[in-house]
Amino acid sequence: MNVRITGTGSSLPGKILTNAELETLIDTTDEWITTRTGIKERRIAADGEYTSTFAAEAARRALAMAGVEPEEIDLIILGTVTPDFPFPSTACIVQDLIGATNATAFDLSAACSGFIFGLSIAEKYIRSGAAKKILVIGSEILSRIVDWQDRNTCVLFGDGAGAVVLEASEGDHSLLSTHTFSNGTYWNLLYQPGSGSRNPATDSRTIDERRIYLTMEGNDVFKHAVRAMEEAAVKALDANGLTTSDISLLIPHQANQRIIDATAKRLGLDSGRLFTNLHRYGNTSSASIPIALDEANRQGVLKPDSKLMLVAFGGGFTYGSALINW
Ligand code: COA
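Under this note's numbering, read the sequence shown as residues 65 to 390, first letter to last.
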């Protein structure tokens, strides 16, 4: 049984926060952010907008493109590190919002690799015959866990959601492979110290000592990200007997233009085969690849039978790839 992406969707907050506006909030410049990251602006959720809000809207758009009714969905997998609540899963809230009454739903915590990990699980459900129609979603409101006093991190992240519908298919337009990896040695280079069981939100020190916010060793993360994304992409090529020259388009996790360029260079991929939109959205973690995939799809960039590579890296560390015959 093959696994086809039959619909893509995305949803972003209306509010845009530009680098110029950030210059008025913290000690930074548009020039620094642009040259170090490639980011020009990001979207920020408004009061009353939650991770489930954007996840549900992205899912509705993916379902509409696929021509699939919510009741037909067997499984919802939602990658996020910024759920509506610690529990229940945001996937269950999305199930309720979109009326996917026959689905099993759960959240998946793999940071910025959450969407690729979700695709990998979904692929196995479908190939085994356990499910026929699956929603995989990445949705984040990172603006609510970044420290807006920390210029090292707050300039990098943004909010939004992307989703795909996967269906069992007999044809060749299919996921060819997914590969996932974890390296827990480096869990503390990129994480949110507070609000879990070690530094509970119920302990006033979690707030007072600013442990509630995301923290990152940027330089170390940068080096690991480039090596890991290259490794994940090469694994996918080798598993399918392909080389870089067979790849029509690479959609990498949108963290930093320099990470993307360095990864592409190591793979020998020219910039014409790279899809990026991080200048408009920043790093939206698990949402970044499905948002970019939806934009590429709706712009007609993806041609039938072209080989599409998705590659991700995130906190954990986690990393992975998906190769698709579109
Ligand atoms: N504006 C202005 N200056 C800033 C700044 C900002 N927003 N943020 C940091 N700086 C300063 C630093 O304080 C430092 O100053 P100092 O030399 O006086 O101490 C200087 O810029 C250089 O910092 P450095 O860390 O060497 O910059 P860098 O070139 O490594 O870029 C990152 C920093 C964070 C952009 C880069 O390391 C990165 O992108 N890392 C990966 C992050 C990532 O993508 N994480 C998610 C992965 S899923």
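Backbone N, C-alpha and C fix where the C-beta goes; we use that ideal spot for every residue, glycine too.
All values reported here derive from a predicted model rather than from experimental measurement.
Starting from the C-beta of residue i, find all residues in its chain whose C-beta is less than 6 Å away, skip the five residues before and the five after it, and write them out in chain order.
{"i": "T165", "result": "E135"}
{"i": "V394", "result": "The chain is shown from 65 up to 390; residue 394 falls before or after that span and cannot be answered."}
{"i": "A126", "result": "G71, T72, G73, A227, V228, V229"}
{"i": "A130", "result": "T70, G71, V229"}
{"i": "K367", "result": "none"}
{"i": "V375", "result": "M293, A296, A297, P316, S385"}
Thinking just about the alpha-carbon of each residue, which of the options is nearest to the one in residue i?
{"i": "S207", "options": "M129, N216, D214, F221", "result": "F221"}
{"i": "P77", "options": "I103, G112, Q363", "result": "G112"}
{"i": "R100", "options": "Q321, T308, A376", "result": "Q321"}
{"i": "I205", "options": "L86, A119, A289, T307", "result": "A119"}
{"i": "L387", "options": "V298, A376, A328, L240", "result": "L240"}
{"i": "I323", "options": "G378, G131, G163", "result": "G378"}
{"i": "N389", "options": "F381, D369, R107", "result": "D369"}
{"i": "T146", "options": "R124, S233, A296, G202", "result": "G202"}
{"i": "Y383", "options": "T88, D148, L172, G178", "result": "G178"}
{"i": "L301", "options": "G143, I137, S385", "result": "S385"}
{"i": "G143", "options": "V132, D171, I137", "result": "D171"}
{"i": "R124", "options": "Y250, T93, D160, T244", "result": "D160"}
{"i": "V67", "options": "I162, E133, G235, D94", "result": "G235"}
Nearer than 8 Å: is that true of the beta carbon of residue i relative to any heavy atom of the ligand COA?
{"i": "C156", "result": "no"}
{"i": "L220", "result": "yes"}
{"i": "H317", "result": "yes"}
{"i": "T101", "result": "yes"}
{"i": "I97", "result": "yes"}
{"i": "N389", "result": "no"}
{"i": "A328", "result": "no"}
{"i": "L254", "result": "yes"}
{"i": "N361", "result": "no"}
{"i": "I90", "result": "yes"}
{"i": "V285", "result": "yes"}
{"i": "S349", "result": "yes"}
{"i": "A44", "result": "Lying before the first or after the last residue shown, residue 44 is absent from the chain, which here runs from 65 to 390."}
{"i": "M129", "result": "no"}
Using the rule of at least 16 other Cβ atoms within 10 Å of the residue's Cβ for burial, across every protein chain shown, is residue i buried or exposed?
{"i": "I190", "result": "buried"}
{"i": "Q318", "result": "buried"}
{"i": "N247", "result": "exposed"}
{"i": "S361", "result": "Here residue 361 turns out to be Asn, not Ser, going by the sequence shown. Buried is the call here."}
{"i": "I315", "result": "buried"}
{"i": "E121", "result": "buried"}
{"i": "F339", "result": "buried"}
{"i": "S153", "result": "buried"}
{"i": "R262", "result": "exposed"}
{"i": "S335", "result": "exposed"}
{"i": "M280", "result": "buried"}
{"i": "L86", "result": "buried"}
Once the 5 residues before and after residue i are set aside, which same chain residues still bring their CB inside 7 Å of it?
{"i": "D310", "result": "K371"}
{"i": "E109", "result": "This sequence places Ala at residue 109; Glu is not what is there. Contacts found: P77, I205, S207, D223."}
{"i": "G346", "result": "I103, R106, L220, F221, G222"}
Any heavy atom of the ligand GDP closer than 8 Å to the beta-carbon of residue i?
{"i": "A386", "result": "The ligand GDP is not part of the structure shown, which contains the ligand COA as its ligands."}
Which residues in the same chain have their Cβ closer than 8 Å to the Cβ of residue i, if we skip the five residues on either side of it in sequence?
{"i": "T92", "result": "N83, L86, R215, V219"}
{"i": "W212", "result": "L89, I90, C218"}
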